[in-house]
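Down below is the structure, laid out as structure tokens.
Numbering (UniProt numbering), first residue to last: 1 to 211.
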């Protein structure tokens, strides 16, 4: 069976979701580390962005890879969700939690759609709106002075955190790491990652709004 044929299988789709999901988890950590330089002032943030853009072609290729990963993750997620709904046309009258079912796992499709909407708005507001070469620090300060945007940002980060809380360990499970010893450890790692992402990204709009 060729590569496309393997990916088209249910197992292949879940593996693709897992690989692209872990890729985005890594991106979140790196992106958060860069964004936290905002707390050190305009100079430190400008230095960070200058170093980032000095990567040139490497940055362009990385952004292109992220775009491909996003498309693959979203489209595969939609296909899997539709397949699951078709397999279970009748909805349960009573929602019950079964073996390991969490709020994160039960709301994956919804938090995923919220996260996607947030990312699009985030890119429009911070990546594409400022003129080329202009400092983004004043844009951050002005944007996070508005309560409506702060609220929307926090909602988006909350959605991403819930998505990560299940998606991180589920990705490893899809890739075969589902042993009795590894699963509880990965679930704890997912929880800590989700909390770190939530607090880290969430603190930025709150601090700028309050100060």
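Note that beta-carbon positions come from the ideal geometry of N, C-alpha and C, so glycine has one too.
Tell me whether residue 170 sits in a helix, a strand or coil according to DSSP, three-state version.
Here residue 170 sits in helix by DSSP.
Out of 150, 152 and 184, which one is the CA nearest neighbour of residue 166?
Comparing Cα-Cα distances from residue 166 to each of 150, 152 and 184, the minimum goes to 184.
What residue range does the alpha helix (DSSP H) around residue 113 cover?
That run of the alpha helix (DSSP H) goes 108–122.
Straight-line CA distance for residue 16 to residue 5?
Whole-angstrom Cα-Cα distance: 13 Å.
Can at least three beta-carbon pairs, one atom from the segment 72–85 and one from the segment 38–50, be found at a separation below 8 Å?
No contact exists between the segment 72–85 and the segment 38–50.
Taking DSSP as the reference, what is the three-state secondary structure of residue 135?
Here residue 135 sits in coil by DSSP.
Measuring CA to CA, which of 162, 205 and 171 is closest to residue 192?
Ranking the options by Cα distance to residue 192, first place goes to 162.
Determine the burial state of residue 204: buried for a count of at least 16 other Cβ atoms within 10 Å of its Cβ, exposed for fewer.
Its Cβ being crowded by 16 or more others within 10 Å, residue 204 is buried.
Please classify residue 110 as buried or exposed, where buried requires at least 16 neighbouring CB atoms within 10 angstroms.
With fewer than 16 other Cβ atoms within 10 Å, it is exposed.
Please work out which residues of its chain come closer than 6 Å, Cβ to Cβ, to residue 194, disregarding the five sequence neighbours upstream and downstream, and give them in chain order.
Here the set comprises 161, 164 and 165.
Any contact between the segment 166–183 and the segment 114–124? By contact I mean 3 or more CB pairs, one from each, below 8 Å.
Verdict: no, contact absent.
By the three-class DSSP mapping on this structure, what secondary structure does residue 165 have?
In the structure shown, residue 165 sits in a helix (DSSP, three-state: H, G or I).
Give the range of the alpha helix (DSSP H) segment to which residue 188 is assigned.
Element bounds for residue 188: 182–210.
Would you mind stating whether residue 20 and residue 87 have Cβ atoms separated by less than 9 Å?
Their beta carbons are not under 9 Å apart, which means residue 20 does not touch residue 87 by this criterion.
Check residue 144 in the structure and name its three-state DSSP category.
Of the three classes helix, strand and coil, the one that applies to residue 144 here is coil, per DSSP.
Report yes if the CB atom of residue 209 is closer than 9 Å to the CB atom of residue 147, and no otherwise.
Cβ distance < 9 Å, so residue 209 and residue 147 count as in contact.
Provide the residue span of the alpha helix (DSSP H) that contains residue 102, from first to last.
First-last for residue 102: undefined, no H or E at that position.
Residues in its own chain within less than 7 Å of residue 140 by CB, not counting five upstream and five downstream?
The residues are 38 and 208.
Taking the C-alpha atoms as reference points, what is the distance between residue 14 and residue 211?
Taking the straight line joining both Cα atoms gives about 44 Å.
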